[in-house]
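I have placed the structure first, in the form of structure tokens, so that the comments after it can refer back to it.
There are 2 protein chains.
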Amino acid sequence: MKKTTRRQGTKTAPKANAPVDTAENAHDDVTERIRITLATAIGEGALKPGVKILEDAIADHFGVSRTVVRGALGVLESDHLLERKKNRGTFVAEPGIEEAKALFEARRKLEHVILELVLGHATADQLDALEKLTDEEEHIHHHGDEKSKTVLSGKFHVVLAELGGNAVLTEVLSKIVARLSLVMSLYEEERKDDCGADHHRQIVGALKAKDLAKAQQLMDHHLADIEGRVRLTEGQGDRHTFLAVLENFS
Amino acid sequence: MKKTTRRQGTKTAPKANAPVDTAENAHDDVTERIRITLATAIGEGALKPGVKILEDAIADHFGVSRTVVRGALGVLESDHLLERKKNRGTFVAEPGIEEAKALFEARRKLEHVILELVLGHATADQLDALEKLTDEEEHIHHHGDEKSKTVLSGKFHVVLAELGGNAVLTEVLSKIVARLSLVMSLYEEERKDDCGADHHRQIVGALKAKDLAKAQQLMDHHLADIEGRVRLTEGQGDRHTFLAVLENFS
DNA sequence: ATGTAATTATTTTCATGAGAATATTCCTGC
DNA sequence: GCAGGAATATTCTCATGAAAATAATTACAT
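Sequence order for the protein chains is A and G. Using our numbering, read the first sequence as starting at 1 and increasing by one per residue. Using our numbering, read the second sequence as starting at 1001 and increasing by one per residue.
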């Protein structure tokens, strides 16, 4: 049956029933809210690659019609976070090996550039604030909660990018980081818990010492550590694909 | 009256009237075709910043309903090529001073990175092909046609990026270049015709000589030249805004 | 004639229904 | 019991109509 309370036909009810939304509604643009909701859900691994996205479900969760959901899905697709197969539906994207490599490389280069910018642009106060963020990471690291960890860890890099003072590059990096969370979700094989919080702290230290080369070196090391958790063998795609799973049991 | 031949209600007519499209329809996804059409139109300056986009017009030009046009406009907006003002319509974006500066900076950094990648990735053949592109530019440069010039000039940088072998960075750069064409259209004050073709050729030369530093330096010079055509005084916004024009007459 | 109010016309925005394509279930025959 | 296929149910896809908002035009008054 699936009788869901879609928004009623009475157009005179402007935004009567804002259902479960919960989160901050800085933008009252529903399309944008949906986009952000899905993007962060993907970014923090709540939505795994390959999962099917039901536009109907989203539609009545947000109390709007499929049309506006569709808008959000469209831009998410253009950001490579979703894939729409014609007449089949839309799914959380499953980046391939090539794409993963390109993303890692792009991120490495970008983080380098961003450190450069931060050094020439960020104030001491801002660096202090950034350091506080690493404190928070440290704290979370000891008090479990796997999700918060990855979220915080990603946040560091975005905040760092913001300190570079270039909104364009910040946006680019955040999108790449989001896509990389899909890559990790697909290909990560060992989640070693040495946790980047320490790396982050060291990077901030180098920045405060105005030592760009050191900061870049530390960043390289940090990123290499992340990439090291992943096996991108050209052999077969991801090990989550059904056939690959079977192979492990043969 | 404006009786426009929207696609008829008969769903049985699949793509009866494909009107004037002209261009290559590699993707038969109409949404994507619309997106590309508008993006290139903006990229080559045919659509100036601030121009209003009538979705109805586009809809019946492509023989589809407003819904699919709307999808294309949505992703174009998320790419910062269009702006949608609520209930007012969608317009070609008018990047502000801050955005322009960020775009220039981002491009500078990216082109550096890309040169790095090209040097480590491109084959001699590919560099030859790139050089041929500069020949073409040279030829176009002498045989007028303002539009072809700017198109070709932008193309060089995108092709160069492709030789870097990183699809992610290529996509990022193309989007930035597209946005920069809006910036130029808004703020360019002197179109000096010394033309980048020569710069481009020099860059290819440095690349063939495997001289990264030289290539980067030449690229810097080239980009500085482009940025030099623009006046980004923090004083008042763009000189096209009505109030700014008035100020020039006070 | 100019400014203001009212009416009309465009245009955006969105919900919804119908059609098409795919997935699922059920049934039948071997 | 199981393969194959018909019947049913989901779900996407898109055109369209209706409501809301803005723009344009006319009418009117000072």
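Glycine included, every Cβ here is placed at the ideal spot set by N, Cα and C.
Residue range of the alpha helix (DSSP H) that includes residue i
{"i": "Arg1066/G", "result": "1066-1078"}
{"i": "Leu182/A", "result": "167-187"}
{"i": "Gly1089/G", "result": "Run containing Gly1089/G: none in the alpha helix (DSSP H); it sits in the beta strand (DSSP E), 1089-1092."}
{"i": "Arg1201/G", "result": "1197-1208"}
Proximity below 7 Å, CB of residue i to CB of residue j
{"i": "His157/A", "j": "Gly196/A", "result": "no"}
{"i": "Ala1100/G", "j": "Leu1232/G", "result": "yes"}
{"i": "Gly50/A", "j": "Phe91/A", "result": "yes"}
{"i": "Leu1173/G", "j": "Gln1126/G", "result": "no"}
{"i": "Leu1076/G", "j": "Leu1038/G", "result": "yes"}
{"i": "Tyr1187/G", "j": "Val1151/G", "result": "no"}
{"i": "His80/A", "j": "Ala93/A", "result": "yes"}
{"i": "Gln1202/G", "j": "Leu1182/G", "result": "no"}
{"i": "Lys1048/G", "j": "Ser1148/G", "result": "no"}
{"i": "Thr170/A", "j": "Ala161/A", "result": "yes"}
{"i": "Ala1224/G", "j": "Ala1215/G", "result": "no"}
Top-ranked residue by Cα proximity to residue i, from the options
{"i": "Thr1067/G", "options": "Ala1093/G, Ile1042/G, Thr1031/G", "result": "Thr1031/G"}
{"i": "Arg1107/G", "options": "Glu1162/G, Ile1176/G, His1061/G, Leu1160/G", "result": "Ile1176/G"}
{"i": "His1141/G", "options": "Ser1153/G, Leu1130/G, Leu1207/G, Ile1036/G", "result": "Ser1153/G"}
{"i": "Leu110/A", "options": "Asn1166/G, Arg1231/G, Gln1217/G, Gly1096/G", "result": "Asn1166/G"}
{"i": "His1115/G", "options": "Ile1097/G, Ala1213/G, Lys1101/G, Gln1126/G", "result": "Here the sequence assigns Leu to residue 1115/G, which means His is not the residue at that position. Answer by Cα proximity: Ala1213/G."}
{"i": "Asp56/A", "options": "Leu73/A, Thr40/A, Met219/A, Gly228/A", "result": "Leu73/A"}
{"i": "Leu180/A", "options": "Glu227/A, His61/A, Lys86/A", "result": "Glu227/A"}
{"i": "Val168/A", "options": "Gly1144/G, Ile1097/G, Ile1042/G, Leu1163/G", "result": "Ile1097/G"}
{"i": "Asp211/A", "options": "Glu190/A, Val159/A, Gly120/A, Lys48/A", "result": "Gly120/A"}
{"i": "Glu1131/G", "options": "Lys1155/G, Arg1191/G, His1143/G", "result": "Lys1155/G"}
{"i": "Glu1044/G", "options": "Asp1145/G, Glu1171/G, Asn1087/G", "result": "Asp1145/G"}
{"i": "Glu83/A", "options": "His61/A, Leu54/A, Phe62/A, Asp60/A", "result": "Leu54/A"}
{"i": "Val1204/G", "options": "Arg1191/G, Glu1190/G, Val1118/G", "result": "Val1118/G"}
{"i": "Ala124/A", "options": "Gln216/A, Ala209/A, Lys86/A, Ile34/A", "result": "Ala209/A"}
{"i": "Lys1052/G", "options": "Lys1085/G, Ala1206/G, Asp1128/G", "result": "Lys1085/G"}
{"i": "Gly63/A", "options": "Asp29/A, Asp225/A, Gly89/A", "result": "Asp29/A"}
{"i": "Asp137/A", "options": "Asp198/A, Ile36/A, Asp128/A", "result": "What sits at residue 137/A in the sequence shown is Glu, not Asp. That would be Asp198/A, whose Cα lies nearest to the Cα of Glu137/A."}
{"i": "Ala129/A", "options": "Ala46/A, Val159/A, His139/A", "result": "Val159/A"}
{"i": "Asn1036/G", "options": "Gly1071/G, Arg1088/G, Ser1065/G", "result": "Inspection of the sequence shows that residue 1036/G is occupied by Ile rather than by Asn. That would be Gly1071/G, whose Cα lies nearest to the Cα of Ile1036/G."}
{"i": "Ala59/A", "options": "His200/A, Glu190/A, Arg33/A, Ile42/A", "result": "Arg33/A"}
Opening and closing residue of the beta strand (DSSP E) in which residue i lies
{"i": "Leu1212/G", "result": "Where Leu1212/G is concerned, there is no enclosing beta strand (DSSP E), although the alpha helix (DSSP H) it sits in stretches over 1212-1228."}
{"i": "Arg191/A", "result": "Looking at the DSSP string, Arg191/A is not in any beta strand (DSSP E), and its letter there is neither H nor E."}
{"i": "Leu962/G", "result": "Limits of chain G in this structure are 1001 at one end and 1250 at the other, which puts residue 962/G out of reach."}
Closer than 9 Å, Cβ to any Cβ of chain G: which residues of the stretch 82-104 of chain A, in chain order?
Lys86, Glu98, Glu99, Lys101, Ala102, Leu103
Runs of alpha helix (DSSP H) lying entirely within the stretch 117-150 of chain A, each at least 4 residues, in chain order:
124-142
List, from N- to C-terminal side, the alpha helix (DSSP H) runs of 4 residues or more that fit wholly inside the stretch 1023-1057 of chain G.
1030-1043
Residues of the stretch 1199-1222 of chain G with Cβ closer than 9 Å to any Cβ of chain A, in chain order
none
What residues from the stretch 103-125 of chain A come within 7 Å of chain G, judged by C-beta to C-beta, listed N to C?
Only those residues of the stretch 103-125 of chain A whose C-beta falls short of 7 Å from the nearest C-beta of chain G are listed: Leu103, Glu105, Ala106, Lys109, Val113.
For the stretch 60-72 of chain A, which residues have a CB atom closer than 9 Å to at least one CB atom of chain G, in sequence order?
Thr67, Arg70, Gly71, Ala72
Near-chain A residues of the stretch 1143-1170 of chain G (beta-carbon distance less than 7 Å), N- to C-terminal order
Asn1166, Ala1167, Val1168, Leu1169
For the stretch 1176-1197 of chain G, list every residue whose C-beta sits within 9 Å of some C-beta in chain A, in sequence order.
Ile1176, Arg1179
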